[in-house]
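Protein sequence lines correspond, in order, to chains A and B. Residue numbers are given in my numbering: position 228 of the first sequence equals residue 228, and the series is strictly consecutive. Residue numbers are given in my numbering: position 239 of the second sequence equals residue 493, and the series is strictly consecutive. Ideal Cβ positions, reconstructed from N, Cα and C, are used throughout, including at glycine. Source: prediction; values computed, not measured. Okay, structure first, notes after.
2 protein chains.
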Amino acid sequence: MTEIDFERVNSATGPIAVRGAEPGDSLVVELLDVRPAARGFATLIPEIGSLIDQVEAPYTQVFDVDGDTVHMNERISFPLRPMVGVIGVATESETLTNGFAGEHGGNLDNHLHGPGATVYLPVRQPGGMLAIGDMHAAMGDGEVCFTGVEIAGEVTVRVGLLKGKQGRWPVTELAESWVVHGTAGPDFREALDLAVEEGARFLVDQWGFTMEEAFVFLSVACDANVCQACRPQEFSTIARVAIPKVSATPRPFS
Amino acid sequence: MTEIDFERVNSATGPIAVRGAEPGDSLVVELLDVRPAARGFATLIPEIGSLIDQVEAPYTQVFDVDGDTVHMNERISFPLRPMVGVIGVATESETLTNGFAGEHGGNLDNHLHGPGATVYLPVRQPGGMLAIGDMHAAMGDGEVCFTGVEIAGEVTVRVGLLKGKQGRWPVTELAESWVVHGTAGPDFREALDLAVEEGARFLVDQWGFTMEEAFVFLSVACDANVCQACRPQEFSTIARVAIPKVSATPRPFS
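Rendered as structure tokens:
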């Protein structure tokens, strides 16, 4: 744990070039299935996370996945909630490791990126260059100790292409909501403000709200929330805003 | 809007003294029903909220409640999600207006405080002195413009008393989880860290986790999230952590 090369964490499978994808388009990635392997682990790493001074570290916890349940030890089990921490495309220009999130996606650590979610990824390079990885058998919002149940596994996706339309960050379709993102450095406030701004852009540009209507609607009907907020650590913080699917918020990009 | 007396916002009904309640106990408040009136409103107030420089303010939005739907105008409607922003007891010593949240509860602005929730309030004064108010027909996590759909209404509660046991902050029982809170000044990070610490206290003190198990479990199985994070504004920020009901986390305080 104390000698991890953080340049190499969160490995992802890819890049996959999508024929015809050009900057300005979106890759439409349906997460049809996310199947974790049988054994995963979490770690406590010295100097990382808000409770690190109250625990012994380094510390490694092994988990066994059995059907819909994750077993932590003989006393503690909890529900499986499989998801991918990393999903993204090539950046516009920056070279980033998969510890980081950004407008390209990357380490978004959104626990809602599980089976049934569809992620619209903003293409910034020819082919898009999709990659997916960093699977978790479960991860809580905040991921406060820095890891979920990190695990190997297989993901089944269907990839489509939407020409000429994209968000600034990835946007995710769920059964009941459209989820926009905001990413920042260590300051969660900045990530939250950026996610709220992205939500306002969708409400105004895609759905014809006035800015006043958008600000009110975000406050009364949308949930601004935490994806990744573990501190201290050196990677990104990520916030999301869930916009409910109502008649005033039909499929965007149409 | 520009002449609001913020000493008088978020009026609550109470205080209700509970016979036999002493410091160290908890009031157990079941929210049996939360019934909003027919008309509510939201406001944009100069200098408050992250998007305030992009809107005209002051601005008031009127809403009509019709069954399970809130109508914002002829184009925009969304689901009713009734809840109480303020629920609390007398503080240990401080005099606070209902704009603020703290260890006594108060303006927790947790949208999960709707019908079906049970809130365990930590008694710090004889009788507890319960008060409930600040109803919203709907409020999004974050309440990013500073108001939900503020509305009159009626709440039906059943109040019980638990002797000699309490959290540092109120703790809320939902169908699937135990929700702990953390409150702070303007810094959401501080509120989040305090909520995570409170979650760890429950896992260790109530359920016998080691601190290492608690920190891992909070990261992989619990959701750390936003209640109130509107900035800039002068009142509290509030975070929550939802601990799933699993066999290792039975009813606390038993």
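Under 7 Å by beta carbon: chain A residues contacting residue i
| i | result |
| --- | --- |
| Asp-447/B | Ser-50 |
| Ile-330/B | Glu-213, Phe-217, Ala-248 |
| Val-474/B | Ala-42, Ala-138, Met-139, Gly-140, Gly-148, Val-149 |
As assigned by DSSP and simplified to three states, the class of residue i
| i | result |
| --- | --- |
| Asp-193/A | helix |
| Ile-45/A | coil |
| Ser-26/A | strand |
| Asp-363/B | coil |
| Phe-317/B | strand |
| Ile-4/A | coil |
| Val-119/A | strand |
| Leu-203/A | helix |
| Glu-452/B | helix |
| Asp-322/B | coil |
| Asp-141/A | coil |
| Asp-287/B | strand |
9 Å Cβ cutoff, residue i in contact with chain B
| i | result |
| --- | --- |
| Asp-205/A | no |
| Asn-73/A | yes |
| Leu-174/A | no |
| Ala-200/A | yes |
| Gly-133/A | no |
| Phe-63/A | yes |
| Ala-229/A | yes |
| Val-241/A | yes |
is_contact[residue i, chain A] using C-beta, thresh 9 Å
| i | result |
| --- | --- |
| Met-337/B | no |
| Tyr-313/B | yes |
| Val-450/B | yes |
| Pro-424/B | no |
| Pro-333/B | yes |
| Ala-291/B | no |
| Gly-462/B | yes |
| Val-324/B | yes |
Residue i: contacting residues in chain B (beta-carbon distance under 7 Å)
| i | result |
| --- | --- |
| Phe-188/A | Phe-442, Arg-443 |
| Val-55/A | Met-465, Glu-466, Phe-469 |
| Pro-126/A | The contacting residues do not exist; Pro-126/A stays about 34 Å from chain B at best. |
Segment limits, alpha helix (DSSP H) that includes residue i
| i | result |
| --- | --- |
| Ser-219/A | 211–221 |
CB contact flag (residue i, residue j, <9 Å)
| i | j | result |
| --- | --- | --- |
| Val-220/A | Met-393/B | yes |
| Ala-21/A | Val-123/A | yes |
| Asp-25/A | Lys-165/A | yes |
| Val-62/A | Gly-40/A | yes |
| Val-196/A | Leu-51/A | no |
| Ser-303/B | Gln-487/B | Strictly speaking, residue 303/B in this sequence is Gly, with Ser absent from that position. Taking 9 Å as the Cβ cut-off, Gly-303/B and Gln-487/B qualify as a contacting pair. |
| Phe-215/A | Ala-200/A | yes |
| Pro-170/A | Ile-243/A | no |
| Ala-292/B | Asp-320/B | yes |
| Leu-194/A | Ala-239/A | yes |
| Thr-345/B | Gln-379/B | yes |
| Glu-466/B | Leu-44/A | yes |
| Pro-506/B | Phe-463/B | no |
| Phe-78/A | Ala-371/B | no |
| Gly-127/A | Leu-121/A | no |
| Val-157/A | Gly-114/A | no |
| Thr-97/A | Glu-3/A | no |
Cross-chain neighbours of residue i in chain A, by beta carbon under 9 Å
| i | result |
| --- | --- |
| Asp-477/B | His-111, Gly-140, Asp-141, Gly-142, Asn-225, Val-226 |
Under 8 Å from the C-beta of residue i: neighbouring residues of chain B
| i | result |
| --- | --- |
| Gln-233/A | By Cβ distance, chain B contributes nothing, its closest Cβ being about 12 Å from Gln-233/A, past 8 Å. |
| Gly-184/A | For the record, residue 184/A in the displayed sequence is Ala; it is not Gly. The premise fails here: Ala-184/A is roughly 12 Å from chain B at the closest Cβ pair, so nothing lies under 8 Å. |
Per-residue contacts from residue i into chain A (C-beta, under 8 Å)
| i | result |
| --- | --- |
| Leu-298/B | Glu-212, Phe-215, Val-216 |
| Pro-498/B | Phe-78, Pro-79 |
| Ala-271/B | Per Cβ cutoff of 8 Å: no residues; Ala-271/B is ~34 Å from chain A at best. |
Boundaries of the beta strand (DSSP E) in which residue i is found, first to last residue
| i | result |
| --- | --- |
| Arg-329/B | Element bounds for Arg-329/B: n/a, residue is neither H nor E. |
| Pro-486/B | Premise fails: Pro-486/B is in no beta strand (DSSP E) and is neither H nor E. |
| Arg-335/B | Careful: Arg-335/B lies outside any beta strand (DSSP E) and carries neither H nor E. |
| Leu-416/B | 404–416 |
| Ile-16/A | 12–17 |
| Leu-384/B | 382–390 |
| Ser-508/B | Taken as a continuous stretch (DSSP letters only), Ser-508/B belongs to no beta strand (DSSP E), as it is neither H nor E. |
| Ala-311/B | First-last for Ala-311/B: undefined, no H or E at that position. |
| Ser-177/A | 177–184 |
| Glu-173/A | 171–173 |
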